[in-house]
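First the structure, in the form of structure tokens, and then the observations on it.
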Amino acid sequence: MSLIPTLSPWIAVANARIDWKETPEAHLFKLDVPGLKKEEVKVEIEDGGILQISGERSKEQEEKNDKWHRVERSSSKFCRRFRLPENAKLEQVKAAMENGVLTVTVPKKPEVKAIDISG
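Heads up: the sequence shown at position 28 corresponds to 27 in numbering that gives the first Met the number 0, and the numbers run straight through without jumps.
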């Protein structure tokens with residue numbers, strides 16, 4: 000019996016760590032995606048105001064004459080979902096990747112301000 004656990008390709012979900020910060024202007028999501036290209040990451044807004052961030056690291060192309068000595072960077076997938084608050088401007092969501100960090104910016108609607116009625 001092997002002491003090495005068999006891992007599902009979805010195990011990377013635990014490694015898809017994310018920060019969600021709210022500023023006066025927007026909700027900011029930052030996700031570490033080291034080694035992924037922007038084509039391997041998807042940012043989607045689903046019905047009901049659900050933000051879904053997913054990605055997949057493709058398996059390294061094997062050549063017939065290659066001899067592998069160690070394989071630790073296997074293919075993997077991740078998927079994170081968040082229900083956005085009512086004040087999110089869903090039609091203005093933007094995403095950018097820089098230095099292995101994906102930043103998703105969700106602008107906020109202005110707060111409704113009550114106006115005092117005089118008289």
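Built from N, CA and C at the ideal position, the CB exists for glycine as well.
Worksheet entry | Closest by C-alpha distance to K88, when choosing among R56, T104, R80, R16 | T104
Practice prompt. With hydrogens ignored, establish whether the beta-carbon of K76 is closer than 7 Å to any heavy atom of the ligand NAD.
Written response: With respect to the ligand NAD, the structure offers nothing, as it holds no ligand at all.
Practice prompt. Below 8 Å on the Cβ atoms is my guess for L83 versus G54; work out the distance and round it to an integer in Å.
Written response: With 8 Å as the limit, L83 and G54 do not qualify as a contact, their Cβ atoms being about 19 Å apart.
Item to complete: Given a cut-off of 8 Å, decide if F81 and L50 are closer than it, judged by their beta-carbon atoms.
Response: yes
Worksheet entry | Own chain partners of K58 with C-beta closer than 6 Å, once the 5 adjacent residues on each side are dropped | S74
Fill in: Proximity winner among K93, N98, I114, G118, relative to K107 (alpha-carbon distances)
K93
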